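> Mapping of the sequence shown onto this note's numbering: position 193 corresponds to residue 189, and the numbering continues sequentially without gaps. Next up is a structure, given as structure tokens.
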Amino acid sequence: MLKGKTALVTGSTSGIGLGVARALAAQGANIVLNGFGDVDGPKAEIAAMGVQVSYHGADMSKPAEIEAMIEHATKAFGSLDILVNNAGIQHVARVENFPVERWDAIIAINMSSVFHATRLALPAMLARNWGRIINVASVHGLVASAEKSAYVTAKHGVVGLTKVIALENATSGVTCNAICPGWVLTPLVQKQVDAKAAALNVSNEEAIRRLLGEKEPSMQFTTPEELGALAVFFCSPAGNNVRGVAWNMDGGWTAQ
Ligand code: NAD
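Here it is, written out as structure tokens:
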């Protein structure tokens, strides 16, 4: 379905980004990877799916590097058709204890990077009258949790920005939507599981049970594969008029 198209997925060396990159590659899209983790493994895996793959190591907190990444992705295989803004980090602390440097980093990486990558990718998408911008927000773009001030602020910002981009391009072939996962067991969340296990002096399994039990009625993690399938839907012809949604995939978290 996506043969001949190119997708750039930020933060795709692990977790959700890698899951989305795999799902888009399975539909034939060429992939540009980004992120700080192991590059060779994901690159080889995507190449083995029979598509072209490239990598750019831009730091998503740095606008000049984001500009270089978009230029790389545009030239890599001829055009940049699908932009998945996924890179993100987390830090957990009460507001009065929140390190200022962590606040700035989360706002830059989780929110401002979406603005920068999108503003730079949009003109060429509009010129071809086809494009998909998919922002990996979070349930924390819709509701809050204590001790996640920067993350909740950034993700609410991403959901708002998603709606503005969708509206500004509503009469074009460029759509913009957000995906709002609940808990997904990636390195980002394993750190929170480890912290809970240590704080409560319980096993990894018990910490997971408590983590899910606090928020996620299904008591199941959403998987990167499920999120990848949603990204594929946004890229499909059936997604042509899906514009500005913040689609939660959260085991019932925000239904409560
Ligand atoms: P992860 O830690 O597995 O992946 C994050 C990716 O971002 C990695 O590839 C990492 O190298 C990259 N990254 C981090 N800082 C970067 C920077 N400055 N520049 C470029 N790349 C950078 O985490 P994940 O859980 O897969 O998270 C992916 C996205 O999904 C994030 O935006 C996160 O907020 C969101 N999300 C995650 C969950 C969850 O439960 N895991 C839930 C909702 C939303």
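From the three backbone atoms N, C-alpha and C, an ideal C-beta is built for every residue, glycine too. Remember, predicted model here, so these are calculated numbers, not experimental data.
Can you give, in chain order, each stretch of the alpha helix (DSSP H) that sits fully within the stretch 177 to 230 and has at least 4 residues?
Counting whole runs of 4 or more residues, the stretch 177 to 230 contains the alpha helix (DSSP H) stretches 183 to 196, 200 to 211.
> Measure from the alpha carbon of Glu222 to the alpha carbon of each residue in Val16, Thr182, Asn125, Ile66, then state which is nearest.
Indexing the sequence shown from 1 puts residue 222 at position 226. Among Val16, Thr182, Asn125, Ile66, the Cα nearest to that of Glu222 belongs to Val16.
> Please report the distance separating the alpha-carbon of Gln48 from that of Ala64.
Position 52 of the sequence shown holds residue 48. Position 68 of the sequence shown holds residue 64. If I take the Cα positions, the gap works out to 20 Å.
> Taking only runs that begin and end inside the stretch 5 to 34, name each unbroken beta strand (DSSP E) of 3 or more residues, in chain order.
Entirely contained in the stretch 5 to 34, the beta strand (DSSP E) runs reaching 3 residues are, in chain order, 26 to 29.
> For Trp243, which three-state DSSP category applies?
The residue given as residue 243 occupies position 247 in the sequence shown. If DSSP states are grouped into helix, strand and coil, Trp243 belongs with the strands.
> On the criterion of 16 or more Cβ atoms from any shown chain inside 10 Å, does Glu164 qualify as buried, or is it exposed?
Indexing the sequence shown from 1 puts residue 164 at position 168. Glu164 comes out exposed.
> Span of the beta strand (DSSP E) holding Arg128?
For this step, residue 128 is matched to residue 132 along the sequence shown. Note, Arg128: beta strand (DSSP E), 127 to 132.
> What are the start and end residues of each continuous beta strand (DSSP E) run of 3 or more residues lying completely inside the stretch 67 to 105, in chain order?
Counting only runs of 3 or more, we get 78 to 81.
> Suppose you measure from the CA of Ala195 to the CA of Met107; what does that come to, to the nearest Å?
Reading the sequence shown from its first residue, position 199 is the one you call residue 195. Reading the sequence shown from its first residue, position 111 is the one you call residue 107. For Ala195 and Met107, the distance between alpha carbons rounds to 30 Å.
> With a threshold of 16 other CB atoms inside 10 Å of the CB of Gly209, please say whether the residue is buried or exposed.
Stepping through the sequence shown from its first residue, residue 209 is reached at position 213. Looking at its Cβ environment, which holds fewer than 16 other Cβ atoms inside 10 Å, Gly209 is exposed.
> Judging by CA-CA distance, which residue of Glu67, Leu122, Arg128 is the nearest neighbour of Phe230?
Here residue 230 is taken as the residue at index 234 of the sequence shown, counted from 1. The shortest C-alpha separation from Phe230 is found at Arg128.
> Using DSSP with H/G/I as helix, E/B as strand and the rest coil, what is Val238?
Residue numbering aside, residue 238 sits at position 242 when the sequence shown is read from its first letter. Reduced to three states, the DSSP call for Val238 is coil.
> Identify which residue in Arg90, Val189, Val28, Val228 has its Cα closest to the Cα of Phe217.
Here residue 217 corresponds to residue number 221 of the sequence shown, with the count starting at 1. Ranking the options by Cα distance to Phe217, first place goes to Val189.
> My guess is that Ala69 and Val28 are in contact by the Cβ rule of under 8 Å, so how many angstroms apart are they, rounded?
Against the sequence shown, residue 69 aligns to sequence position 73. Against the sequence shown, residue 28 aligns to sequence position 32. Rounded, the Cβ-Cβ distance is 4 Å, consistent with contact.
> Which residues share a DSSP beta bridge with Val160?
Position 164 of the sequence shown holds residue 160. Answer is none; Val160 lacks a bridge partner.
> Using 8 Å for Cβ pairs, my map puts Ser8 next to Asn30. What's the rounded Cβ distance?
For the purposes of this step, residue 8 is taken as the residue at position 12 of the sequence shown. For the purposes of this step, residue 30 is taken as the residue at position 34 of the sequence shown. Confirmed, about 6 Å.
> Hey, is the stretch 128 to 141 in contact with the stretch 167 to 180, meaning 3+ C-beta pairs nearer than 8 Å?
Counting Cβ pairs under 8 Å, three or more are found: they touch.
> Please name the residue in Val180, Gly156, Val110 whose C-alpha comes closest to that of Ile62.
In the sequence shown, the residue the question calls residue 62 occupies position 66. The shortest C-alpha separation from Ile62 is found at Val110.
> Which residues does DSSP list as the beta-bridge partners of Ile175?
Working through the sequence shown from its first residue, we reach residue 175 at position 179. Val132, Trp243.
> Going by CA-CA distance only, name the one from Val185, Ser214, Gly24 that's closest to Ala203.
Mapped onto the sequence shown, residue 203 falls at position 207. That would be Val185, whose Cα lies nearest to the Cα of Ala203.
> Taking only three categories from DSSP, how would you classify Val49?
One-based indexing of the sequence shown puts residue 49 at position 53. Three-state result, Val49: strand.
> Got a sec, what are the start and stop residues for the alpha helix (DSSP H) Leu(-2) sits in?
On the sequence shown, position 2 is the one that residue -2 refers to. Careful: Leu(-2) lies outside any alpha helix (DSSP H) and carries neither H nor E.
> Helix, strand or coil for Ala64 per DSSP?
For this step, residue 64 is matched to residue 68 along the sequence shown. Looking at Ala64 - three-state DSSP - the assignment turns out to be helix.
> Decide if the stretch 84 to 94 is in contact with the stretch 40 to 47; the criterion is three or more beta carbon pairs, one per stretch, under 8 Å apart.
Contact between the stretch 84 to 94 and the stretch 40 to 47 is absent, because fewer than three Cβ pairs lie under 8 Å.
> Counting only the same chain and skipping the five closest in sequence on each side, list residues whose C-beta sits under 6 Å from that of Val148.
The sequence position of residue 148 within the sequence shown is 152, counting from 1. So the list reads His136, Ala140, once near-sequence residues are dropped.
> Kindly identify the DSSP beta-bridge partner or partners of Ala144.
In the sequence shown, the residue the question calls residue 144 occupies position 148. First, the amino acid is wrong: residue 144 is Lys here, not Ala. Answer by DSSP bridge pairing, in chain order: Ala89.
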